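Each residue of the sequence shown is one higher than the one before, starting from 640 at the first, in my numbering.
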Amino acid sequence: MSDLTPGVGIGRAIRGAIGFLTRIPVGGSEADWNAFRRAVYSLPVVGYLVGGLVGGVFFLPVQPPTLVAAYLVGLYLLTGVTHADGLADLGDAVAVHGDADRTRAVLKDSATGVGGALLLGVTLLVVALGVLSFAGIGSWRAFRLVVAAEVGAKLGMALVACYGRPAHDGLGSQLVGELDHRSFASAIVVSLPAVAAAPTGLSVALLATVVTGPAVGLAILTWGHRELGGVSGDLIGATNEVGRALALHVGVSVWILS
């Protein structure tokens, strides 16, 4: 179903997305949730919100290690650990060498194994090092790259939701089952301002940062269809976490090289 269905309120969809992707108390209702899951463009909208709020730490007069700590604390206070939990579940599932039924069972298991702990720990380390690498590039450039990374991560989630098929019944199927590939265009349009009006020399880096999220989404989508026969909410959440982590490094690397 297209996210541009007449009668779907933009305000309700964005409120539902904020309630789903963050811990901000917006007082969302079932109607907001239903609007959100039919409006994939609301995902990158929340990317701007999260990136803008967390990116504000780059304007603090603190040393790089404190900056990294402030970013991580602010990020997970704002977004919670739901998507990190999906990342851990993906790590456990990747570590399992079995058939699709066994892999799906591992994804649904609430216990975190070695694979999940390893993937979660490595991803957090990658994020921390990415933020640390921003030291010296300027507060405004760092802010723009962080916003672009969040928007790109949400665009990756949108790609998985629009092009995936449900692996099983659950929260993820309520998103994947409501969208199709035609809906993805609206998410792309909403993501374009993340690249606009770039500081001198930052245009290519911002574009690369945003594109990283969908690239990660495509990789996870491909794995999910091959190993599970579809995608789940855990894979959507993992796309967000991995997409953000890699985008931070891609952005600063491309800026340095360009």
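Yeah, the Cβ is synthetic: ideal placement off N, Cα and C, and Gly gets one too. None of these values were measured; they are calculated from a predicted model.
- Per the DSSP secondary-structure output, Pro805 pairs in a beta bridge with Val870.
- Each residue's CA atom was taken as its position, placing Leu729 and Ala877 some 7 Å apart.
- When Cβ pairs closer than 8 Å are counted between the two stretches, the segment 869 to 889 is seen to touch the segment 714 to 734, the count reaching three or more.
- By the Cβ test, the segment 763 to 778 is in contact with the segment 884 to 896, since at least three Cβ pairs between them sit closer than 8 Å.
- Apart from the 5 residues on each side of it in sequence, Gly686 sits with its Cβ closer than 8 Å to the Cβ of Val786, Glu789, Val790, Gly791, Ala792, Lys793, Leu794, Ser830, Ala833 in its chain, given in chain order.
- When rounded, the separation of the alpha-carbon atoms in Phe782 and Asp740 is 43 Å.
- For secondary structure counted as the alpha helix (DSSP H) over 4 or more consecutive residues, the segment 702 to 730 holds these complete runs in sequence order: 703 to 718.
- Closest in C-alpha terms to His722, from the list Ile875, Val891, Ser892, comes Ile875.
- Within its own chain, the residues whose Cβ lies closer than 6 Å to the Cβ of Val770, once the five positions on either side in sequence are excluded, are Val707, Tyr710, listed in chain order.
- Apart from the 5 residues on each side of it in sequence, Leu716 sits with its Cβ closer than 8 Å to the Cβ of Arg662 in its chain, given in chain order.
- Between the alpha carbons of Phe675 and Gly648 lies a gap of roughly 9 Å.
- Here Arg677 carries a coil assignment [DSSP, helix/strand/coil].
- Within the segment 824 to 880, no run of beta strand (DSSP E) at least 3 residues long lies entirely inside it.
- The beta carbon of Leu688 sits closer than 6 Å to none of the beta carbons in its chain outside the five residues before and after it.
- For Ile653, the enclosing alpha helix (DSSP H) begins and ends at 649 to 660.
- Short of 6 Å from the beta carbon of Ala847, and not among the five residues preceding or following it, lie these beta carbons of its own chain, in chain order: Val889, Val893.
- Shown here for Ser772: same chain residues with a beta carbon closer than 6 Å to its own, the five before and five after excluded, namely Val891 in chain order.
- When the beta-carbon positions are compared, Ala797 and Val684 stay at least 8 Å from each other.
- Between Val815 and Ala800, the beta carbon gap of about 5 Å places them in contact (Cβ cut-off 8 Å).
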